[in-house]
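Asker: Residue numbers (the working numbering): 50 to 521.
Virtual Cβ for every residue (Gly too), placed ideally from N, Cα, C.
Note that this is a predicted model, so its numbers are computed, not measured.
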Amino acid sequence: MDIVGIINAIDGAVWGPPMIILLLGSHIFLTIRTRVIQRKLPTAIKMSLQKDKDAEGDISQFGALTTALAATIGTGNIVGVATAILSGGPGAVLWVWLTGVFGIATKYSEVFASVKYRVKDHKGEMLGGAMYAWERAFKRKDGSTPPWAKLGAVAFAVFASIAAFGIGSAVQSGSMVDVVVSNFPGVPDWAVGLAIVISVAIVLLGGIQILSKVCEALVPFMAIAYAWGCIVIIGMNIEYVGEALALIVRCAFTPEAAFGGAVGSGMMAAIQFGCARGLFSNESGLGSAPIVAAAATTKNPARQALVSMTGTFWDTVVVCALTGIVLVSTMCAHPEIVTNGTITEGAQLTSAAFATIPYIGTPILILGMSTFAYSTILGWSYYGNRCVTYLFGKRAIRPYQVIYIIIAFLGAIGVGDIVWTISDITNALMVIPNIIMVLALSGLIARETKHYVWDKNLDEKDETPIPQFDTK
50 MDIVGIINAI DGAVWGPPMI ILLLGSHIFL TIRTRVIQRK LPTAIKMSLQ KDKDAEGDIS
110 QFGALTTALA ATIGTGNIVG VATAILSGGP GAVLWVWLTG VFGIATKYSE VFASVKYRVK
170 DHKGEMLGGA MYAWERAFKR KDGSTPPWAK LGAVAFAVFA SIAAFGIGSA VQSGSMVDVV
230 VSNFPGVPDW AVGLAIVISV AIVLLGGIQI LSKVCEALVP FMAIAYAWGC IVIIGMNIEY
290 VGEALALIVR CAFTPEAAFG GAVGSGMMAA IQFGCARGLF SNESGLGSAP IVAAAATTKN
350 PARQALVSMT GTFWDTVVVC ALTGIVLVST MCAHPEIVTN GTITEGAQLT SAAFATIPYI
410 GTPILILGMS TFAYSTILGW SYYGNRCVTY LFGKRAIRPY QVIYIIIAFL GAIGVGDIVW
470 TISDITNALM VIPNIIMVLA LSGLIARETK HYVWDKNLDE KDETPIPQFD TK
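See below:
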């Protein structure tokens, strides 16, 4: 077996039934424990546009949300959905969507833990994420951290800092180059890669405040522009939308072959690839968004947890669903794009599907892919440097950023679907320590959610002192 075969085998193992049960099971379990926190989405959306006065933090709640959305709304929303359809069939779209609906509760829970157990560095800036929750939530009475808790913290930080190179850097730059070069054949890969490196480096050097400001401006524009474009395309394909929706639902629960067997089929394949791409897209359970959520100015953990959970709603319940309907309805209208045997990768399917729409299809794809990928590179750079700060101290930030940018360039000049597979693997490895921590704290999260959310104490300020963590 060659290296590609080995990597695919590992991916199939880590994303097999145990991981699906862990992920979906946790989503459903936490939905029940939080009393279906999804019911609070209207309140959460309203709160995301407000400022939390007289609270500690480095950036606004909206800034934390848009920075997290910058990282989550990426190529997974476009190419990732297409890859799921190719590998798992149209039914994978429904599982991507369901992963998002139930994943809202997991996003709420992991952010709650991150904010509750956040710390300050030597400069007073906030640090948070699964590693600090592991460090603080399970301390012994003498103040020491048990070895098993330290292992959970280190494992998450290691997996996340490595995963950032794939999901956040190489995959995004490679996908951006693919869509630009396929539509502008004369543009060399290295030129696009160089443009990516320069534009990313300028923002990264500015720190979290500059990063959040860029994301606050970029994310709403790119999401609204892409969603509007998808709605226009769906309108143009309106006579095939009903057929597409029926096919998505049917293929999610049956082994029915779609488009003459040109794309994946079978319920387990639909579940496997739908859940994997759903996690890649919305990152619920991954533990990434809580890292930046910990920097938010918020009175108590529940407020930022509510704001952050809207990210999963916008990312998957809205954007991924729109992409899935666009792709499947276009395939119904133009089945030849998958039955001619030339489509083997997600990026090719996406480009071919959008290209069938006269005038606006390709520009929408290029705009969406470029802005989504760029913002994801920015967002994940923050996740990665926070994880290496935990592992090695602040001195590791600059070397990590340099390596991160170099990998973005390398991804731009030679990345294929194998990088998607490697990213799937590292994502799964991040899930394990993060989900274990969240489940272990689910009782505490449920109790405090009852107090803050369901007993209507969202304006109550958490007076618990935030300790300092040595990052020198």
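According to DSSP, is K169 helix, strand or coil?
Answerer: Along the sequence shown, one-based indexing puts residue 169 at 120. It is a strand residue.
Asker: If you compare alpha carbons, which of A141, S424, K262, L355 is closest to G217?
Answerer: As a first step, residue 217 is located in the sequence shown; it is residue number 168 there, counting from the start. Nearest of A141, S424, K262, L355 to G217, Cα basis: S424.
Asker: Does DSSP put L507 in a helix, a strand or coil?
Answerer: Stepping through the sequence shown from its first residue, residue 507 is reached at position 458. Here L507 sits in coil by DSSP.
Asker: When burial is assigned at 16 or more other CB atoms within 10 Å of the CB, is L200 buried or exposed?
Answerer: Indexing the sequence shown from 1 puts residue 200 at position 151. Exposed, since its Cβ has fewer than 16 Cβ neighbours within 10 Å.
Asker: With respect to the alpha helix (DSSP H) encompassing N21, which residues constitute its N-terminal and C-terminal limits?
Answerer: Nothing can be reported for residue 21, as the shown portion of the chain is limited to 50 through 521.
Asker: In terms of alpha-carbon separation, which member of D504, T399, G334, P384 lies closest to I415?
Answerer: As a working note, residue 415 is residue 366 in the sequence shown. The shortest Cα separation from I415 among D504, T399, G334, P384 belongs to T399.
Asker: Taking DSSP as the reference, what is the three-state secondary structure of I409?
Answerer: Numbered from its first residue, the sequence shown carries residue 409 at position 360. Reduced to three states, the DSSP call for I409 is coil.
Asker: Per DSSP, I108 forms a beta bridge with which residues?
Answerer: The residue labelled residue 108 in the question sits at position 59 within the sequence shown. DSSP lists A345 as partners of I108.
Asker: Please return the same chain residues whose Cβ sits closer than 6 angstroms to the Cβ of R185, not counting the five positions on each side in sequence.
Answerer: The residue you call residue 185 lines up with position 136 of the sequence shown. Here the set comprises Y166.
Asker: Measure how close the beta-carbons of M418 and V228 come, nearest whole angstrom, since I'm counting them as under 8 angstroms.
Answerer: If you number the sequence shown from 1, residue 418 lands on position 369. If you number the sequence shown from 1, residue 228 lands on position 179. M418 to V228, Cβ: 4 angstroms. Contact.
Asker: Start and end of the alpha helix (DSSP H) containing F78?
Answerer: In the sequence shown, counting from the first residue as 1, residue 78 sits at position 29. F78 -> alpha helix (DSSP H) spans 66 to 82.
Asker: Identify the continuous alpha helix (DSSP H) that holds D238 and give its terminal residues.
Answerer: Translated into the one-based positions of the sequence shown, residue 238 becomes position 189. 238 to 253 is the span of the alpha helix (DSSP H), which, as asked, contains D238.
Asker: What residue from A219, T359, R84 has the CA that sits closest to K95's CA?
Answerer: Along the sequence shown, read from residue 1 onward, the residue named residue 95 stands at position 46. Of the listed residues, the one whose Cα sits closest to K95 is T359.
Asker: Could you tell me which of E497, N57, A141 sits nearest to K510, measuring between CA atoms?
Answerer: Position 461 of the sequence shown holds residue 510. Of the listed residues, the one whose Cα sits closest to K510 is E497.
Asker: Just to check my reading of the structure: K89 and V502 have Cβ atoms closer than 8 angstroms, yes? What is that Cβ distance to the nearest angstrom?
Answerer: Numbered from its first residue, the sequence shown carries residue 89 at position 40. Numbered from its first residue, the sequence shown carries residue 502 at position 453. Contact flag correct, Cβ pair sits at about 6 angstroms.
Asker: For A342, does the count of other Cβ atoms within 10 angstroms reach 16, so buried, or fall short, so exposed?
Answerer: Translated into the one-based positions of the sequence shown, residue 342 becomes position 293. Per the 10 Å Cβ criterion, buried.
Asker: Which residues mark the beginning and the end of the alpha helix (DSSP H) in which T303 is found?
Answerer: Reading the sequence shown from its first residue, position 254 is the one you call residue 303. Run containing T303: none; DSSP gives neither H nor E here.
Asker: Which stretch, first to last residue, makes up the alpha helix (DSSP H) that contains E497?
Answerer: In the sequence shown, counting from the first residue as 1, residue 497 sits at position 448. Its alpha helix (DSSP H) spans residues 491 to 498.
Asker: Closest by CA to K43, which one among G112, Y157, L71, D508?
Answerer: It is not possible to answer for residue 43, since the shown part of the chain is limited to 50 through 521.
Asker: According to the neighbour-count rule (16 or more other Cβ atoms, all chains shown, within 10 Å of its Cβ), is T438 buried or exposed?
Answerer: Position 389 of the sequence shown holds residue 438. Buried is the call here.
Asker: State the Cα-Cα distance for the pair F441 and M180, rounded to the nearest angstrom.
Answerer: In the sequence shown, counting from the first residue as 1, residue 441 sits at position 392. In the sequence shown, counting from the first residue as 1, residue 180 sits at position 131. So the alpha carbons of these two residues sit roughly 13 angstroms apart.
Asker: Where do the N-terminal and C-terminal ends of the alpha helix (DSSP H) with K190 fall, by residue?
Answerer: Stepping through the sequence shown from its first residue, residue 190 is reached at position 141. Taken as a continuous stretch (DSSP letters only), K190 belongs to no alpha helix (DSSP H), as it is neither H nor E.
Asker: Between which two residues does the alpha helix (DSSP H) carrying T372 extend?
Answerer: Sequence index remark: in the sequence shown, residue 372 carries index 323 (1-based). Where T372 is concerned, the enclosing alpha helix (DSSP H) stretches over 370 to 382.
Asker: Check Q397 in the structure and name its three-state DSSP category.
Answerer: As a working mapping, residue 397 is identified with position 348 in the sequence shown. Helix.
Asker: Is it buried or exposed, Q321, if we count other Cβ atoms within 10 angstroms and call 16 or more buried?
Answerer: For the purposes of this step, residue 321 is identified with residue 272 of the sequence shown, where counting begins at 1. By the 10 Å Cβ count, Q321 comes out buried.
Asker: Going by the beta-carbon positions, is the gap between F151 and T80 smaller than 7 angstroms?
Answerer: Here residue 151 refers to the residue found at position 102 when the sequence shown is read from its first residue. Here residue 80 refers to the residue found at position 31 when the sequence shown is read from its first residue. Yes, these two residues count as a Cβ contact at 7 angstroms.
Asker: Determine the closest residue to I589 out of R84, L73, P66, with distance taken between C-alpha atoms.
Answerer: Shown here, the chain extends from 50 to 521; a query on residue 589 therefore has no answer.
Asker: At the level of alpha carbons, what is the spacing between I409 and I273?
Answerer: One-based indexing of the sequence shown puts residue 409 at position 360. One-based indexing of the sequence shown puts residue 273 at position 224. When rounded, the distance between both Cα atoms is 15 angstroms.
Asker: Does Q321 come out as helix, strand or coil in the three-state DSSP assignment?
Answerer: The residue labelled residue 321 in the question sits at position 272 within the sequence shown. Helix, per DSSP.
Asker: Pull up the distance between the alpha-carbon of I251 and that of Q450, whole angstroms please.
Answerer: Position 202 of the sequence shown, counting from 1, holds the residue named residue 251. Position 401 of the sequence shown, counting from 1, holds the residue named residue 450. Computed Cα separation, rounded: 12 angstroms.
Asker: Which value, in whole angstroms, describes the spacing of the CA atoms of S75 and V164?
Answerer: By 1-based counting over the sequence shown, the position of residue 75 is 26. By 1-based counting over the sequence shown, the position of residue 164 is 115. Going from the Cα of S75 to the Cα of V164 covers about 20 angstroms.
Asker: What residue range does the alpha helix (DSSP H) around P91 cover?
Answerer: Here the question's residue 91 lines up with position 42 in the sequence shown. That run of the alpha helix (DSSP H) goes 90 to 97.
Asker: Any contact between the stretch 282 to 301 and the stretch 133 to 146? By contact I mean 3 or more CB pairs, one from each, below 8 angstroms.
Answerer: Taking 8 angstroms as the limit for Cβ pairs, the verdict is that the stretch 133 to 146 does touch the stretch 282 to 301.
Asker: Of the residues L335, A198, T470, A401, which one's Cα is nearest the Cα of I52?
Answerer: Your numbering for residue 52 matches position 3 in the sequence shown. Looking at the Cα atoms, T470 is the closest of the given residues.
Asker: Would you decide whether A58 is buried or exposed? Buried here means 16 or more other CB atoms lie within 10 Å of its CB.
Answerer: Residue numbering aside, residue 58 sits at position 9 when the sequence shown is read from its first letter. A58 comes out exposed.
Asker: Report yes if the C-beta distance between G433 and S210 is below 7 angstroms; otherwise report no.
Answerer: If you number the sequence shown from 1, residue 433 lands on position 384. If you number the sequence shown from 1, residue 210 lands on position 161. Yes; because the gap between Cβ atoms is below 7 angstroms, this pair is in contact.
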